[in-house]
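Asker: Residue numbers (this note's numbering), protein chains in the order written: chain P, 10 to 577; chain V, 165 to 530.
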């Protein structure tokens, strides 16, 4: 008997790896050449190129669809969780001026910052951006929203003192044409006069006169902002538009601060008027911006408001993420929020624990059903499968509402229990608007997602395995536990991943039956997206949820192995 | 012959019946007894009840009526895991999530054997099938033949006295099947175990078994050693099912001196050995093995009845020649002749005369 050799007794029996090993060995000898002398790999790639292109073309519609409707929105939302450009875009001068301010000290910023704030607020309120910024900063400090709205209403009048004085000095300063005559380049002046507003052509883009921003830098900047706004937002003719009050205050600043020699040397258009204005400006009545803002609202002299603005002036912030984990940005760096303001940690923890509970109850309830399904004759199995799938064909909302009817204190279940005498009528069970309600309803709703993968895996386990185990001396229980159960684990794994990931992001059911104690983090995300409109915080919470799921998936892969997950 | 009441019997089926639906009997009145150490094969076409019998013996099916005894004790009410019967399945049924060693260890673990005992027994069992080097592999990493060896080792590792095999070689190629047939028989004899082997492959049954039970229609048609089964089939089903066979139909004219004269439907008269015909006038099927037919006049015995035949086809098969003839109106009469130097190769169209010894020609039931 021992001299008989076949494939099964050879010392080195062929295994599936052999083919790979042989392929590796062949590769080491140098590239295999095709009949025409080219490397075989190259020839193969060439031969397969058309096929690959065709495959790509078939996949492309879905790929593009997924990219546009799924990946891109997710990326956009993730970006929103750190994006914070609104502060530096709305208050560019202020945030620049604040850079030198010592936020850790206990003095409020100096006059220069308030002056910058006046410029920024003036343009912001013209563009109606100040209230948006107010709401944004209100997430970080309550009261900022009304402060900004109030300031927006009053800031327009603040600089009129300069406008009045310049206009009293010389009527020249009253009209837009006079301003553009020396602010704008000759080329632009020619263009704008040739431009016909009714022609439908776009108004020519405003261009500064060469050298004017050396002599009058603040005026040039303000005037450019004004011109661009008038051109694009108001769609009025920049050439004839009378300047805003903020331009007069910038002009005053330039004239009083500029080098007298530079103005004296100026010889462009309106040189005479500028020179006389410069002389007169030294005697103008002026204003104290800091005091003026204090008059509008005393909060402008509150150091906390300024600290908030300074903390949130960078273009990107981790503030949303800190908020999402119950922390806040302070001037000394991130710190935990006071105990009574922490909610997200509890919500995340509750979401995890309840999702795990729901997954476990789905396994417990689903396993026997899947087992019966897999072992019944086909005809009966199909009927049972329809019963399992029935919930899929009913609206989620209807099912959840049905649970509301079932579970409430005067509902079907409590009534039945009272009727059976198991529960006293004044001691009815609280089954809804709490965690119990969420767990019961979500277990029911997610059960098919557990049963189907388990069923399809169990179908592949042949009954002979159990017979073999029994013939080898195993009791029914041992045969099940040591032979059947290990082979069904891939189904449990697939079902668990499916149910857990669905549960962790579930929204509708907890919203309807969860009350306050049974809601998930997703309900909070929905609140921020649709009610409080704090999209950044919603995005940060979503990003954390996504990261948690990916982390769990990774851990699952390490512990169980994702190859062990089978859907059939 | 089995009569169901043998005192030496190790395995006994006593008037066993089995029905799945309460309308049809799959197994009808089965009586069988096997002594210890016998290699018995249940052979039959699919649906003949042989696998059902095996499953009843293993305990996976219950007998509707009758008694199954093992070692003199009725096992009807003993669950499968307490019967201590080893079993090899057609699709091996090796547990895919366990290594070879773990598969073999399983029956020993459920019998609560110590680690060292287990290792010793596993090594011995793997040695019996020459698979010691594969202890750490998973079943999926083994070829079909290797898996079947492991399945065999697993069925033997807990040293059962009775091993059941349900078409164990059905999924293997011919060469491997022959090797394993040889190994299984040798192992069974060396270990002295009793084997009940189910197959639908008659060659397998003939080469491996001490006795073969031919199943058809829920009954044992004949239970006999392989040579007897081949050479002395008791009825026309067995004659047809085992080996190649020529049948001629006719009516018994007379029976005398242990010879029956049969008048074939085409008019010729031949002599045959009466097996289950008893009187003149009965219809019968006469059965002759192709290799017992002679056409060389010089080799024919004197007084042998001869028939005219026309050669239709000559097939060269290497070791033998297979010739198809038209005899007594039937054109599927086959003869086989050894490829010897002096052998004549018959040409299609040739008219010849064929003959045989009366004892090789058996008159069976119609």
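Even for Gly, the Cβ is constructed at its ideal location relative to N, Cα and C.
Determine whether the Cβ of residue 183 (chain V) lies closer than 9 Å to any Cβ atom of chain P.
Answerer: For the purposes of this step, residue 183 (chain V) is identified with residue 19 of the second chain, where counting begins at 1. Closer than 9 Å: no.
Asker: Could you tell me whether any non-hydrogen atom of the ligand MN is closer than 8 Å to the CB of residue 505 (chain P)?
Answerer: No copy of the ligand MN occurs in the structure displayed, which carries no ligand at all.
Asker: So with Cβ pairs under 9 Å, would you call residue 255 (chain V) a contact of chain P?
Answerer: For this step, residue 255 (chain V) is matched to residue 91 along the second chain. It does: the Cβ of residue 255 (chain V) has a partner Cβ on chain P nearer than 9 Å.
Asker: Locate the beta strand (DSSP E) running through residue 481 (chain V), then write down its first and last residues.
Answerer: Taking the second chain and counting its residues from 1, one reaches residue 481 (chain V) at position 317. Segment: none, residue 481 (chain V) is in no beta strand (DSSP E) and carries neither H nor E.
Asker: With a floor of 3 residues, list each beta strand (DSSP E) that falls wholly inside the region 172-213 of chain V, ordered by position along the chain.
Answerer: Here the runs fully enclosed are 173-183, 189-199, 203-207.
Asker: Would DSSP call residue 517 (chain V) helix, strand or coil?
Answerer: Here residue 517 (chain V) refers to the residue found at position 353 when the second chain is read from its first residue. Of the three classes helix, strand and coil, the one that applies to residue 517 (chain V) here is strand, per DSSP.
Asker: Answer yes or no: does any C-beta atom of chain P fall closer than 9 Å to that of residue 194 (chain V)?
Answerer: Indexing the second chain from 1 puts residue 194 (chain V) at position 30. Residue 194 (chain V) does not count as touching chain P.
Asker: Grab the span of the beta strand (DSSP E) containing residue 449 (chain V) for me, first residue to last.
Answerer: On the second chain, position 285 is the one that residue 449 (chain V) refers to. From DSSP, the beta strand (DSSP E) with residue 449 (chain V) extends over 447-452.
Asker: Taking only three categories from DSSP, how would you classify residue 248 (chain P)?
Answerer: Position 239 of the first chain, counted from the first residue, corresponds to residue 248 (chain P). Residue 248 (chain P): coil per DSSP, three-state reduction.
Asker: Taking just the CA atoms, how far does residue 466 (chain P) sit from residue 507 (chain P)?
Answerer: For this step, residue 507 (chain P) is matched to residue 498 along the first chain. For this step, residue 466 (chain P) is matched to residue 457 along the first chain. Answer to the nearest angstrom: the Cα atoms are 15 Å apart.
Asker: Round the Cβ separation of residue 128 (chain P) and residue 255 (chain P) to the nearest angstrom and send it over; I've been treating them as touching at under 8 Å.
Answerer: Counting from 1 along the first chain, the entry for residue 128 (chain P) is found at position 119. Counting from 1 along the first chain, the entry for residue 255 (chain P) is found at position 246. Residue 128 (chain P) to residue 255 (chain P), Cβ: 6 Å. Contact.
Asker: Just reading off the beta strand (DSSP E) that residue 250 (chain V) is part of, what are its end residues?
Answerer: Working through the second chain from its first residue, we reach residue 250 (chain V) at position 86. Taken as a continuous stretch (DSSP letters only), the beta strand (DSSP E) holding residue 250 (chain V) covers 249-252.
Asker: At the level of alpha carbons, what is the spacing between residue 95 (chain P) and residue 308 (chain P)?
Answerer: Here residue 95 (chain P) refers to the residue found at position 86 of the first chain. Here residue 308 (chain P) refers to the residue found at position 299 of the first chain. The straight-line gap from Cα to Cα measures roughly 21 Å.
Asker: With DSSP as the reference, label residue 494 (chain V) as helix, strand or coil.
Answerer: Along the second chain, one-based indexing puts residue 494 (chain V) at 330. If DSSP states are grouped into helix, strand and coil, residue 494 (chain V) belongs with the strands.
Asker: Quick one: Cα of residue 530 (chain V) to Cα of residue 206 (chain V), how far?
Answerer: Taking the first residue of the second chain as 1, we reach residue 530 (chain V) at position 366. Taking the first residue of the second chain as 1, we reach residue 206 (chain V) at position 42. One C-alpha to the other measures close to 24 Å.
Asker: I want to verify the contact list: residues of chain P whose CB lies under 8 Å from the CB of residue 244 (chain V), in sequence order.
Answerer: The residue given as residue 244 (chain V) occupies position 80 in the second chain. Near residue 244 (chain V) (Cβ distances below 8 Å), the residues of chain P are 476, 479, 480.
Asker: Could you name the residues that DSSP lists as bridge partners for residue 413 (chain V)?
Answerer: Position 249 of the second chain, counted from the start, is the residue given in the question as residue 413 (chain V). Bridge partners of residue 413 (chain V): V:449.
Asker: With the cut-off set at 9 Å, would you say residue 454 (chain P) and residue 408 (chain P) are in Cβ contact?
Answerer: Working through the first chain from its first residue, we reach residue 454 (chain P) at position 445. Working through the first chain from its first residue, we reach residue 408 (chain P) at position 399. Yes, the Cβ-Cβ distance between residue 454 (chain P) and residue 408 (chain P) is below 9 Å.
Asker: Going along chain V, which residues have a C-beta under 7 Å from residue 487 (chain P)?
Answerer: Locating residue 487 (chain P) in the first chain gives position 478, counting from the first residue. Correct list: 274.
Asker: Would you tell me roughly how many angstroms separate the C-alpha atoms of residue 474 (chain P) and residue 259 (chain V), rounded to the nearest one?
Answerer: Against the first chain, residue 474 (chain P) aligns to sequence position 465. Against the second chain, residue 259 (chain V) aligns to sequence position 95. Near 7 Å, if we compare the C-alpha coordinates of residue 259 (chain V) and residue 474 (chain P).
Asker: Buried or exposed: which applies to residue 568 (chain P), given that a residue is buried once 16 or more other Cβ atoms fall within 10 Å of its Cβ?
Answerer: Along the first chain, one-based indexing puts residue 568 (chain P) at 559. Exposed, because fewer than 16 other Cβ atoms sit within 10 Å of the Cβ of residue 568 (chain P).
Asker: Out of P:529, P:483, P:382, P:196, state which residue places its alpha-carbon closest to the alpha-carbon of residue 274 (chain V).
Answerer: Reading the second chain from its first residue, position 110 is the one you call residue 274 (chain V). Nearest C-alpha to residue 274 (chain V): P:483.
Asker: Are residue 372 (chain V) and residue 348 (chain V) close, meaning C-beta to C-beta below 9 Å?
Answerer: Start at 1 with the first residue of the second chain, and residue 372 (chain V) comes out as number 208. Start at 1 with the first residue of the second chain, and residue 348 (chain V) comes out as number 184. In this structure, residue 348 (chain V) lies closer than 9 Å to residue 372 (chain V) by Cβ.
Asker: Report the residues of the region 386-410 of chain P with a CB closer than 8 Å to any CB of chain V, ordered along the chain.
Answerer: So the list is empty, because no residue satisfies the distance condition.
Asker: I'd like to know whether the C-beta of residue 495 (chain P) is nearer than 9 Å to at least one C-beta of chain V.
Answerer: The residue given as residue 495 (chain P) occupies position 486 in the first chain. Closer than 9 Å to some Cβ of chain V, the Cβ of residue 495 (chain P) qualifies, so yes.
Asker: Using 8 Å for Cβ pairs, my map puts residue 196 (chain V) next to residue 377 (chain V). What's the rounded Cβ distance?
Answerer: The residue you call residue 196 (chain V) lines up with position 32 of the second chain. The residue you call residue 377 (chain V) lines up with position 213 of the second chain. So it is a contact: roughly 7 Å between Cβ atoms.
Asker: Using 8 Å as the cut-off, can you tell me whether the region 382-401 of chain V makes contact with the region 227-239 of chain V, which would need three or more C-beta pairs spanning the two stretches below that distance?
Answerer: No: the two stretches stay apart, fewer than three of their Cβ pairs being nearer than 8 Å.
Asker: To the nearest angstrom, report how far apart residue 469 (chain V) and residue 440 (chain V) are at their CA atoms.
Answerer: One-based indexing of the second chain puts residue 469 (chain V) at position 305. One-based indexing of the second chain puts residue 440 (chain V) at position 276. Computed Cα separation, rounded: 21 Å.
Asker: CB-CB under 6 Å to residue 102 (chain P), same chain, minus the five flanking residues each way: which ones, in chain order?
Answerer: Counting from one through the first chain, the residue named residue 102 (chain P) turns up at place 93. Counting only Cβ-Cβ distances below 6 Å, and skipping sequence neighbours, we find 125, 128, 129.
Asker: State the DSSP-derived secondary structure class of residue 558 (chain P), mapped to helix, strand or coil.
Answerer: Here residue 558 (chain P) corresponds to residue number 549 of the first chain, with the count starting at 1. Here residue 558 (chain P) sits in helix by DSSP.
Asker: Less than 9 Å separating the beta-carbons of residue 530 (chain P) and residue 511 (chain P)?
Answerer: Locating residue 530 (chain P) in the first chain gives position 521, counting from the first residue. Locating residue 511 (chain P) in the first chain gives position 502, counting from the first residue. Their beta carbons are not under 9 Å apart, which means residue 530 (chain P) does not touch residue 511 (chain P) by this criterion.
Asker: Quick one, are the C-beta atoms of residue 451 (chain P) and residue 379 (chain P) less than 9 Å apart?
Answerer: Locating residue 451 (chain P) in the first chain gives position 442, counting from the first residue. Locating residue 379 (chain P) in the first chain gives position 370, counting from the first residue. No; because the gap between Cβ atoms is not below 9 Å, this pair is not in contact.
Asker: I'd like to confirm the pairing. Which residues does DSSP put opposite residue 525 (chain V) in its beta bridges?
Answerer: One-based indexing of the second chain puts residue 525 (chain V) at position 361. Partner(s): V:452.
Asker: Taking 9 Å as the threshold (C-beta atoms), are residue 413 (chain V) and residue 363 (chain V) in contact?
Answerer: Counting from one through the second chain, the residue named residue 363 (chain V) turns up at place 199. Counting from one through the second chain, the residue named residue 413 (chain V) turns up at place 249. In this structure, residue 413 (chain V) does not lie closer than 9 Å to residue 363 (chain V) by Cβ.
Asker: Just by C-beta distance, which residues in the region 542-560 of chain P are closer than 8 Å to chain V?
Answerer: For the region 542-560 of chain P, which is checked against every Cβ of chain V, not one residue is closer than 8 Å.
Asker: Got a sec? Which residues, its chain only, sit under 6 Å from residue 229 (chain V) by beta carbon, not counting five neighbours each side?
Answerer: Here the question's residue 229 (chain V) lines up with position 65 in the second chain. Cβ within range, chain order: 181.
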